[in-house]
Amino acid sequence: MYVDQYSIIKKPMTLGDVVTRLEAKTDLSTTKRRDLVSAVRTAARLLHRSPEDLPASVEDLRNRLADIHPVQASISLKRLANVKSGLVAAIEMTVTTCRIRKRQRPRSPAWATLVQSTPQKWQAYTLSRFSHFCSSQGIEPTDVSDDVLVRFEEHLSKEVLTKKPEKIVKITRQTWNGLAERVHPELPALTKPPSRRVLTRDLSTYPASFQADIEAWIARLETVDFLEDDGPAKALRPTSLRNVRACLRQFADALVKSGVKPDELLGLSDLVDPETVKRGLRYLRERDGGNRPSHHTIMAQLIAVARYHVRVSGDIEKVLKSIQAKVSVAYDGMTDKNRNRLGQFRDERNIDLLLDLPRHLVSKAGKVKDAGRNQALMVMHAVAIDILLACPMRIGNLSSLSIDQHLTWRGEGREQRVAIAIPGSEVKNRQPITIDLSVETSKLLDRYIHSWRPKLEGSSGNALFTQTNGNARTPSRFGQDISRTIKRETGIVMNAHLFRHLAALLFLDKHPGEYETVRRLLGHKNLNTTTKFYAPFETWRATERYETEVLQVRRAVK
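Take the sequence shown: its letters are residues 0 to 557, numbered as in numbering that gives the first Met the number 0.
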């Protein structure tokens, strides 16, 4: 007899099934049943799906819900937490394959003593979840092992809707090992897993002749010799020199990892042989899963070395350029990543959230009694964001602003304004940056300098955005801090460089086609660069105008 195999395949449970089972349960009070069903339906609504389309899996739903931000979802943080908690409870009650989570047991005496003995509150907070898990499993502090941490991660992954279980485990391990090393030597240390970062070999592991050749090339790039016919027209900045060194180091490392012995690399000439170049690029492409922009950058450096330092023949240079063309990643204007992130601002509510963020941060910091370093940092980020909104400069210029060198106060009283002037020699494209900040932004900046900046260590120096040692904040770290602040407060995902694109978007929205103004605002040397990057914005607005002016008329006729 024929049996339809598809009819006997058990379909995975969905949240729709969870709702159906909840409504059929007779051992729940009316209020409890209503709250759990509401949590399931609300979670589905936040994901813009129906309950029948979503799997009844905590592990799957965690990834889907991880990007839900309360501000973007127009929901309070507490309500979102309650929805997630109710969703997990609903799944546990209705999915037979899900282990029922026991009510959180009190810590065992040994765990309670350990947590209470931590020198810092954050250490107690970090170990809280782990201590309860171990207590529920009958595991005492002296019995903790790598296997226990693995089980803890499995518990977080399959039964809890917490974000990034692997990060919680990492912090738990670090906190535990710190206590074991400095406070409780009787505790067993946990094994630190190997780093996932791609680490390159240090240049000191190569022959001295190879190291000397790299330094000779760097020296050629950092000085201008007017007697040298094909020498550089201008000296490279320190950041550019670091990038050159990094490219050469990365490629040498790729060759070693592909099987070349380090002592076989005696000079830069060994890097630019066409067959050697192909070998290194094959390794990089296999490691990175295809071509990456960094591969093209490495090839550009190798070609420069081949032409001006090794002085290869014209035929070999042509071969190298041919290889470079095959690994290039063409971008016709803006990258997809930046274009997608700018899409957030098609929602005017996100524009309002970002524009109001500096004031929101200052207000939030001012409400804290006995405000200290954390609140001062919050105001620092508010000032940085306000400056980027007014003048979308690169993060390197923003982080290195000096009170004495770059800021000037003009006017008096309520109309006093701050002017920012950065010479072209400090800007990537050599175009000077000059702007008079608005009165409102000037007041915020002045308030930060006089009332909040003194709460930070290192404030005696001239750096506007100071580190504890008094130096200016590093561009990469400062940029990350700004991005995290924006994401935490608004749910908007953006980096400091996106402010430049956003400025163009907002201006062209009000003044279509005025690319010359955008070119001047962003300091582009070539108008074609501006047009190539920002012409697609006109398509966005054209579509919206068509929707408003044409389709609305058609609907009105109906």
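From the three backbone atoms N, C-alpha and C, an ideal C-beta is built for every residue, glycine too. On a predicted model such as this, the values are computed, not experimentally measured, just so you know.
So what does DSSP say about residue i, is it helix, strand or coil?
i, result
"Arg416", "strand"
"Thr467", "coil"
"Thr19", "helix"
"Pro535", "helix"
"Ala72", "coil"
"His190", "Residue identity check: residue 190 is Thr in the sequence provided, not His. Thr190: coil per DSSP, three-state reduction."
"Thr161", "coil"
"Pro422", "coil"
"Thr473", "coil"
"Ile99", "For Ile99, the predicted structure reports a pLDDT of 45, less than 50, and the residue's modelled location is therefore unreliable. The matter cannot be settled from this model."
"Ala234", "coil"
"Thr199", "coil"
"Ala370", "coil"
"Pro261", "helix"
"Ala495", "coil"
"Ser401", "strand"
"Tyr1", "With a pLDDT of only 47 at Tyr1, under 50, the local geometry of the prediction cannot be trusted, and the value read off the model is given with reservation. Coil at Tyr1, not helix or strand."
"Thr13", "strand"
Considering only C-alpha positions, which residue in the set the options is nearest to residue i?
i, options, result
"Thr204", "Leu264, Trp408, Ile485", "Leu264"
"Ala503", "Asp355, Cys133, Lys191, Met392", "Met392"
"Asn396", "Ala471, Arg338, Glu22", "Ala471"
"Asn349", "Val276, Val70, His405, Phe129", "Val70"
"Leu126", "Leu376, Ser144, Ile170, Lys162", "Ile170"
"Ser144", "Trp121, Leu189, Ala234", "Leu189"
"Gly469", "Ser475, Glu456, Asp480", "Glu456"
"Phe209", "Lys163, Asp224, Leu267, Val243", "Leu267"
"Ala375", "Asp212, Leu352, Leu353, Arg446", "Arg446"
"Thr440", "Leu387, Thr41, Val94", "Leu387"
"Arg61", "Pro164, Ser116, Val243", "Pro164"
"Val361", "Asp351, Glu347, Met379", "Met379"
"Pro511", "Phe536, Arg172, His500", "Phe536"
Taking residue i as part of the alpha helix (DSSP H), name the residues at either end of that continuous run.
i, result
"Asp435", "Careful: Asp435 lies outside any alpha helix (DSSP H), inside the beta strand (DSSP E) at 432-435."
"Trp408", "Per DSSP, Trp408 belongs to no alpha helix (DSSP H); it is in the beta strand (DSSP E), 406-409."
"Leu319", "313-326"
"Met298", "292-304"
"Glu513", "Careful: Glu513 lies outside any alpha helix (DSSP H) and carries neither H nor E."
"Tyr205", "Note, Tyr205: premise wrong, no alpha helix (DSSP H); not H, not E."
"Cys390", "Taken as a continuous stretch (DSSP letters only), Cys390 belongs to no alpha helix (DSSP H), as it is neither H nor E."
"Trp175", "164-181"
"Ser135", "120-135"
"Tyr282", "273-287"
"His359", "347-365"
"Phe250", "237-256"
"Thr440", "438-446"
"Val57", "57-64"
"Ala42", "29-45"
"Leu341", "335-341"
Over what stretch of residues does the beta strand (DSSP E) that includes residue i continue unbroken?
i, result
"Trp110", "Run containing Trp110: none in the beta strand (DSSP E); it sits in the alpha helix (DSSP H), 108-115."
Please go through the same chain and pick out, in chain order, the residues whose beta-carbon is closer than 6 Å to the beta-carbon of residue i, but skip the five residues on each side of it.
i, result
"Leu45", "Ile67, Ala72"
"Val36", "Val18, Leu21"
"Ser130", "Arg106, Trp110, Val114"
Using a Cβ-Cβ cut-off of 7 Å (strictly less than) and excluding sequence neighbours within five positions of residue i, which residues of its own chain qualify?
i, result
"Val255", "Arg200, Pro261"
"Tyr1", "Bear in mind that a pLDDT of 47 at Tyr1, under 50, signals an unreliable position, so the number given afterwards is only what the model happens to contain. Taken in chain order, the list of residues that qualify is empty."
"Lys101", "Legend: pLDDT at Lys101 = 49, less than 50; position of this residue unreliable, value from coordinates given subsequently. Same-chain partners within the cutoff: Ser135."
"Cys97", "Only weak support exists for where Cys97 lies, its pLDDT of 49 falling under 50; the value from the coordinates is given anyway. If we look at Cys97 and ignore the five residues flanking it on each side, its Cβ neighbours are Ile90, Glu91."
"Tyr282", "Ala253, Lys256, Ser257"
"Phe477", "Ile394, Ser398, Phe464"
"Lys120", "none"
"Val82", "Ala38, Thr41, Ala42"
"Val517", "Ala503, Phe506, Leu507, Thr529, Tyr533"
"Gly410", "Arg416"
Identify, in the order they occur along the chain, each residue of the same chain with its Cβ nearer than 8 Å to the Cβ of residue i, setting aside the five sequence neighbours on each side.
i, result
"Val168", "Leu148, Phe151, Glu152, Leu155"
"Val87", "Val57, Arg100, Glu158, Val159, Leu160"
"Gln122", "Thr174, Gly177, Leu178"
"Pro50", "Thr13, Leu14, Gly15, Val17, Val18, Val39, Arg40, Ala43"
"Val223", "Gly230, Pro231, Ala232, Lys233, Ala234"
"Thr489", "His68, Val70, Gln71, Asn349, Leu352, Leu353, Leu356"
Would residue i count as contacting chain B if we go by Cβ distances under 9 Å?
i, result
"Ala471", "Of the protein chains in the structure, only one exists, and it is not chain B."
Check your understanding: Do three or more CB pairs link the segment 489-499 to the segment 423-433 at distances below 8 Å?
Key -> no
Check your understanding: Is there contact here, the segment 18-29 with the segment 73-86, by at least three beta-carbon pairs under 8 Å?
Key -> no
Practice item. Decide if the segment 285-297 is in contact with the segment 234-250; the criterion is three or more beta carbon pairs, one per stretch, under 8 Å apart. Key: yes
Review point. Is the segment 230-246 touching the segment 171-187, taking contact as three or more C-beta pairs under 8 Å?
Key: no
Point to revise | Given 8 Å, three or more beta-carbon pairs between the segment 515-535 and the segment 403-416 | key: no
Practice item. Count the C-beta pairs between the segment 304-316 and the segment 269-278 that are closer than 8 Å, then say yes if the count reaches three, no if not. Key: yes
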